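*Asks:* Quick note: the sequence shown uses the working numbering, first residue 99, plus one each step. Here a beta-carbon is modelled for each residue, glycine too, at the ideal position from N, C-alpha and C. Only a predicted model underlies this, so the values are computations on that prediction, with no experimental measurement involved.
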Amino acid sequence: MSELDLLVVGDVNPDVIVTAPGLTPQFGQVEQLVDSASLVMGGSAAITAVGAARLGLRVGLCSVVGADDIGQLMVVRLAEAGVDLQYLRVDRTTPTGMSVILNRGDDRAVLTAAGTISSLSADDLSALPDRLARHVHASSYYLMAQEYRDALPGYFGRVRVARVTTSLDTNWDPQQRWDLAELLTETDLFLPNEAELTAIARSPILDRAIEVVGEYGCDVAVKRGERGGEAAIAGASYRVVRTPPVEYVDAVGAGDTFNAGMLAGQLHGRDPGTSLAMAVIAGTLSTGGSGGTAAQPGLDDVNAWLRSVPVENFGRDGS
Ligand SMILES: Nc1ncnc2c1ncn2[C@@H]1O[C@H](COP(=O)(O)OP(=O)(O)OP(=O)(O)O)[C@@H](O)[C@H]1O
Ligand SMILES: [Mg+2]
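Shown next, in the form of structure tokens:
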């Protein structure tokens, strides 16, 4: 098989998205009518993989699903998106994980049954060749089993020896411990949102938090919701604050689609500022559809928007 551009390692599960303005679930056997409910592709890794494939990369996904209808549906949808699944494992003892997302306006509550989301193991990482892809991206670190988490820095180190670059989006730590030092030393590009970055760096000031994480030797691209994104790459700083106008539906998977845009920029050989703009454009356009993948853009769409989304290039001190 020819080499992939990108291998994504992490979670795949369906998201059930329930949307209504002002939605608050009521117990006591009350039935409430909502605007819409849909079952879509979820899991940070799967959304990033599908988004990157749509942006023209050759993408593989290393993940686990259960031996059930829902797992089979995810496999079919990933294959339709062109994602290579030779390292996707079926776990016969655990049901496919699932999230129910209750959406109201720009806020949401998420109920997750972990299932196979935490089935990825150290053995799954050991089975991966050193150089399956030019770049490896790991998602949802804090949802994974401890033995997988313990093995991830060693896996990143091993592929880096084979000149593979690495990136990481931990997403939120439900236990709020935020321990990440060892993994960051093996990470080339860290992709947190602002709340995650400031928690991990233990500094509430964004510029300081970027500096703290940079001391581990990694580049950083930070997601800032409707305020766009900021990056510190190879000693230079970039900011994108203007986002394309979009009829907002929900922000589910916007961060994962931002990752896809950033990685597509870098792996297509674009400069860091352009890659950040591609990330912000892809993330923003994805908010125009329900769930993570429905409104993910192709490369032509993103390229067209690059002309109207300026990138500020500024010094470390903000000048
Ligand atoms: N309300 C919004 N309006 C415009 N763009 C948005 C909005 N929310 C998100 N985005 C775009 O999506 C990108 C990533 O979003 P966000 O900051 O929500 O990431 P995240 O918190 O990591 O998301 P996720 O829940 O997917 O992990 C932003 O940088 C921005 O480009
Ligand atoms: Mg995120």
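What is the rounded straight-line gap between the Cα of residue 345 and the Cα of residue 385?
*Replies:* Roughly 8 Å between the two C-alpha positions.
*Asks:* Relative to the C-alpha of residue 331, which candidate in 350, 311, 347 has its C-alpha closest?
*Replies:* Considering only alpha carbons, the answer is 311.
*Asks:* Tell me whether residue 236 is buried or exposed, calling it buried when 16 or more other Cβ atoms sit within 10 Å of its Cβ.
*Replies:* With 16 or more Cβ atoms within 10 Å of its Cβ, residue 236 is classed as buried.
*Asks:* Tell me where the alpha helix (DSSP H) around residue 68 begins and ends.
*Replies:* This structure cannot speak to residue 68, because the chain is shown only from 99 to 417.
*Asks:* So the beta strand (DSSP E) residue 412 belongs to, where does it begin and stop?
*Replies:* Note, residue 412: beta strand (DSSP E), 410 to 412.
*Asks:* Tell me whether residue 242 sits in a helix, a strand or coil according to DSSP, three-state version.
*Replies:* Looking at residue 242 - three-state DSSP - the assignment turns out to be coil, as it is neither helix nor strand.
*Asks:* Is the region 257 to 265 in contact with the region 132 to 140, if contact means three or more CB pairs nearer than 8 Å?
*Replies:* Output reads no: the region 132 to 140 does not touch the region 257 to 265.
*Asks:* Leaving out five residues before and five after residue 219 in sequence, what residues of the same chain have Cβ atoms less than 6 Å from its Cβ?
*Replies:* Closer than 6 Å at the Cβ level, and outside the excluded window around residue 219, lie 246.
*Asks:* Any heavy atom of ligand 1 closer than 8 Å to the Cβ of residue 391?
*Replies:* Because no heavy atom of ligand 1 lies under 8 Å away, the Cβ of residue 391 does not count as near it: no.
*Asks:* For ligand 1, which residues have a Cβ under 6 Å from at least one heavy atom, in chain order?
*Replies:* Here the list is 204, 269, 291, 321, 322, 323, 324, 326, 327, 341, 346, 349, 351, 352, 353, 354, 356, 378, 381, 382, 385.
*Asks:* So, helix, strand or coil for residue 422, using DSSP?
*Replies:* Absent from the structure is residue 422, since the part of the chain shown begins at 99 and ends at 417.
*Asks:* Measuring only the C-alpha atoms, how far is residue 295 from residue 145?
*Replies:* Spanning the two alpha carbons is a distance of roughly 21 Å.
*Asks:* Going by the DSSP bridge assignment, what does residue 327 pair with across the sheet?
*Replies:* In the DSSP output, where bridge partners are listed per residue, residue 327 has 321, 338.
*Asks:* Terminal residues of the continuous alpha helix (DSSP H) containing residue 291?
*Replies:* Element bounds for residue 291: n/a, residue is neither H nor E.
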